[in-house]
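J.: Dumping the structure here so I can ask a few things about it.
Protein chains: 2
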Amino acid sequence: MVVLTLPPVEDPEAPAAARAPLVLAVPRDHQPYAGDWSLPGGLVGADEGLEAAVSRVLADLARDSHAQILAEPRHLEQLETFGAPGRDPRGRVVSVSYLALLGAPVPLTGRAAWQPATAPPPLAFDHATILASALDRLRAKLSYSTVAYGLLADSFTLSELQGVYEAVLGRTIDKRNFRRKLAALELLEETGGQRRGPHRPASLYRFASGGLVLLDDVITT
Amino acid sequence: MVVLTLPPVEDPEAPAAARAPLVLAVPRDHQPYAGDWSLPGGLVGADEGLEAAVSRVLADLARDSHAQILAEPRHLEQLETFGAPGRDPRGRVVSVSYLALLGAPVPLTGRAAWQPATAPPPLAFDHATILASALDRLRAKLSYSTVAYGLLADSFTLSELQGVYEAVLGRTIDKRNFRRKLAALELLEETGGQRRGPHRPASLYRFASGGLVLLDDVITT
DNA sequence: ACAAAAGTGTTCAGATTACACCCATGG
DNA sequence: CCATGGGTGTAATCTGAACACTTTTGT
Chain P
3 MVVLTLPPVE DPEAPAAARA PLVLAVPRDH QPYAGDWSLP GGLVGADEGL
53 EAAVSRVLAD LARDSHAQIL AEPRHLEQLE TFGAPGRDPR GRVVSVSYLA
103 LLGAPVPLTG RAAWQPATAP PPLAFDHATI LASALDRLRA KLSYSTVAYG
153 LLADSFTLSE LQGVYEAVLG RTIDKRNFRR KLAALELLEE TGGQRRGPHR
203 PASLYRFASG GLVLLDDVIT T
Chain V
3 MVVLTLPPVE DPEAPAAARA PLVLAVPRDH QPYAGDWSLP GGLVGADEGL
53 EAAVSRVLAD LARDSHAQIL AEPRHLEQLE TFGAPGRDPR GRVVSVSYLA
103 LLGAPVPLTG RAAWQPATAP PPLAFDHATI LASALDRLRA KLSYSTVAYG
153 LLADSFTLSE LQGVYEAVLG RTIDKRNFRR KLAALELLEE TGGQRRGPHR
203 PASLYRFASG GLVLLDDVIT T
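Structure, rendered in structure tokens:
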């Protein structure tokens, strides 16, 4: 289970790539790999669907961390399945990895913690591989779908949306071109609300079609 | 295991969509779903990797069908993992599906047979879902990668390559634009060989980089 | 008034589309 | 000599990239 999110913007002057994704990790205190971090996971019950097991793992995490929002990620999708013999020294384990996206790094009270996803601490088993595959998938999907919604609140400003693209793709995007392209795609609708601050207020938007939409091609501007 | 290929061109006048992909299927003679067709598969051994199990299943198929080529598909990749309880009435089964591509529908001597993938006979279990997901993936991937190589021989003419795109995408493509784009991508190299027939000989090409290459975007012409 | 982010057009280059004819060979 | 598929160019349009200033608010 790879749970990813983006930290809030701290230094607006910092390069886009500096706002790196965070991943939810749990420290291991038993062998093997004691002291390393691991991605949360769990066994699938004998009569449990894969999605059901994912929900259960997330619900447990939410309880342990006193962060209810973890139980309802904004986006959830299956990634790869890993089954090399020897990936767990204790015996044969096949793991079906899932990607969960959250709108913000909610504070966690338990042992789980947010770690930088692009430069994580040492990870147990083949979890570094699993994490890398999740990040690749996320980056690829930003380009041809609306997955960005998974990393935002229900309503958001155009600058916030642009910030998600910049943070995940690791480069800056031209504001005017970004907005023009977005307007042409007709995916967003104004909520009517505004985000206020020590500056001109920004209109809030939402994705017109709640969930994931695949595009022919691409936000690359 | 979804093994796909394309039939040879029969009527050059027929619309591109008429050359529909074929899928390798095996008739079931036991309950449940006796009389239906199923996708080939097998159990993963206790100390066997997933890829190793796939190779074994393919090798068995190749032996039963007297078609050695089945054991070495041109392309192989993991697809989705299916684990809903009740997908097999006999008990809990989790299936990791794989996509294998072949350059041609080799003749089969055993019980396995080629079936039209887009309008298959009744399929057992959730195999229709698995097949549909494989076709979706193949179509999507043609647009942003060189998977087409999986459905061709080692060397091929530009018209054959174009035929793969037309058959899988189900529409015709302009010959001159297709070739111009391909030239710009610099993915192909001439083998020096020629394909002869009752017409001007065609130069043979191969993909310069043996395997799969992902493109920024797209052959859409 | 000043700082901060929101919002908005135009120009240029490269890419994509549409479109039709001659060429080389086998039979 | 004819049928068959192989191979090639150009003009019109669309799309993507680069680029800077004015507006609205909070303090």
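Chains as they are written, first to last, in our numbering: chain P, 3 to 223; chain V, 3 to 223. For every residue, glycine included, the Cβ atom is placed at its ideal position computed from N, Cα and C.
1) Decide yes or no for the touch test of the stretch 157-177 of chain V against the stretch 124-136 of chain V: beta carbon pairs closer than 8 Å, at least 3 of them.
2) Near A61(V), which residues of its chain fall below 6 Å by C-beta distance, leaving aside the five closest residues on each side in sequence?
3) Answer yes or no: does any C-beta atom of chain V fall closer than 8 Å to that of I52(P)?
4) Per the contact definition of three or more C-beta pairs closer than 8 Å, is the stretch 88-104 of chain P in contact with the stretch 145-161 of chain P?
5) By the criterion of Cβ-Cβ separation under 8 Å, what are the contact partners of T83(P) in chain V?
6) Alpha carbon to alpha carbon, what distance is there between L45(P) and A86(V)?
7) Bridge partners for R208(P) per DSSP, in chain order?
8) With a threshold of 8 Å between beta-carbons, can V59(P) be considered close to chain V, or not?
9) What first and last residue would you give for the alpha helix (DSSP H) that runs through E12(V)?
10) Should the stretch 65-85 of chain P be regarded as contacting the stretch 46-61 of chain V, the criterion being three or more beta carbon pairs within less than 8 Å?
11) Using the DSSP secondary-structure output, state which residues sit across from R4(P) in a beta bridge.
12) With a threshold of 16 other CB atoms inside 10 Å of the CB of T222(V), please say whether the residue is buried or exposed.
13) Does the distance from the CB of L214(V) to the CB of H77(V) come in under 8 Å?
14) Who does T174(P) pair with in a DSSP beta bridge?
15) Apart from the five residues just before and just after V95(P), which ones in its own chain have a Cβ nearer than 7 Å to its Cβ?
16) Alpha carbon to alpha carbon, what distance is there between Q33(V) and Q117(V)?
17) Would you mind telling me which residues of chain V sit closer than 7 Å to P87(P), beta carbon to beta carbon, in chain order?
18) Is there at least one Cβ from chain P nearer than 8 Å to R94(V)'s Cβ?
19) Run through the DSSP bridge pairs and tell me what L26(P) is partnered with.
20) What do you get for P75(V), buried or exposed, if any count of 16 or more other CB atoms within 10 angstroms of its CB means buried?
21) Thinking C-beta only, is A204(V) closer than 8 Å to Q196(V)?
22) For A136(V), does the count of other Cβ atoms within 10 angstroms reach 16, so buried, or fall short, so exposed?
23) For a cutoff of 8 Å on Cβ pairs, would you count V5(V) as touching chain P?
T.: Let me spell this out:
1) Contact between the stretch 157-177 of chain V and the stretch 124-136 of chain V is absent, because fewer than three Cβ pairs lie under 8 Å.
2) Locating residue 61(V) in the second sequence gives position 59, where the first residue counts as 1. Exclusion of the five residues before and after A61(V) leaves A73 as the residues of its chain whose Cβ lies within less than 6 Å of its Cβ.
3) Taking the first sequence and counting its residues from 1, one reaches residue 52(P) at position 50. Strictly speaking, residue 52(P) in this sequence is Leu, with Ile absent from that position. With 8 Å as the cut-off, L52(P) counts as an interface residue toward chain V.
4) Taking one beta carbon from each stretch, the stretch 145-161 of chain P and the stretch 88-104 of chain P have 3 or more pairs nearer than 8 Å; the two touch.
5) The residue you call residue 83(P) lines up with position 81 of the first sequence. Under the 8 Å cutoff, chain V gives L52, Q80, T83 and V98.
6) As a first step, residue 86(V) is located in the second sequence; it is residue number 84 there, counting from the start. As a first step, residue 45(P) is located in the first sequence; it is residue number 43 there, counting from the start. Using only the alpha carbons, I get a separation of about 15 Å.
7) Within the first sequence, numbered from 1, the residue matching residue 208(P) stands at position 206. Its beta-bridge partners are E191(P).
8) Numbered from its first residue, the first sequence carries residue 59(P) at position 57. By the rule that beta-carbons nearer than 8 Å mark a contact, V59(P) does not touch chain V.
9) Within the second sequence, residue 12(V) is the residue found at index 10, counting from 1. Per DSSP, E12(V) belongs to no alpha helix (DSSP H) and is neither H nor E.
10) yes
11) Along the first sequence, read from residue 1 onward, the residue named residue 4(P) stands at position 2. Checking the displayed sequence, the identity of residue 4(P) turns out to be Val instead of Arg. Bridge partners of V4(P): L101(P).
12) The sequence position of residue 222(V) within the second sequence is 220, counting from 1. Bear in mind that the predicted position of T222(V) carries a pLDDT of just 41, short of 50, making it unreliable; the figure below should be weighed with that in mind. Counting Cβ neighbours within 10 Å, T222(V) comes out exposed, since fewer than 16 surround it.
13) For the purposes of this step, residue 214(V) is taken as the residue at position 212 of the second sequence. For the purposes of this step, residue 77(V) is taken as the residue at position 75 of the second sequence. Yes.
14) The residue labelled residue 174(P) in the question sits at position 172 within the first sequence. Beta bridge pairing from DSSP links T174(P) with no other residue.
15) Mapped onto the first sequence, residue 95(P) falls at position 93. Close CB contacts of V95(P) within its chain, under the 7 Å cut and outside five residues either way in sequence, are with R89 (chain order).
16) Within the second sequence, numbered from 1, the residue matching residue 117(V) stands at position 115. Within the second sequence, numbered from 1, the residue matching residue 33(V) stands at position 31. Roughly 21 Å separates the two Cα atoms.
17) Taking the first sequence and counting its residues from 1, one reaches residue 87(P) at position 85. Correct list: D49, E50 and G51.
18) On the second sequence, residue 94(V) is found 92 positions in, with the first residue counted as 1. With 8 Å as the cut-off, R94(V) counts as an interface residue toward chain P.
19) For this step, residue 26(P) is matched to residue 24 along the first sequence. Beta-bridge pairing links L26(P) to W116(P).
20) For this step, residue 75(V) is matched to residue 73 along the second sequence. It counts as buried.
21) Here residue 196(V) refers to the residue found at position 194 when the second sequence is read from its first residue. Here residue 204(V) refers to the residue found at position 202 when the second sequence is read from its first residue. Yes; because the gap between Cβ atoms is below 8 Å, this pair is in contact.
22) Here the question's residue 136(V) lines up with position 134 in the second sequence. Burial is judged here by how many other beta carbons sit within 10 angstroms of a residue's own beta carbon; A136(V) has at least 16 and is buried.
23) For this step, residue 5(V) is matched to residue 3 along the second sequence. No, because no Cβ of chain P sits closer than 8 Å to the Cβ of V5(V).
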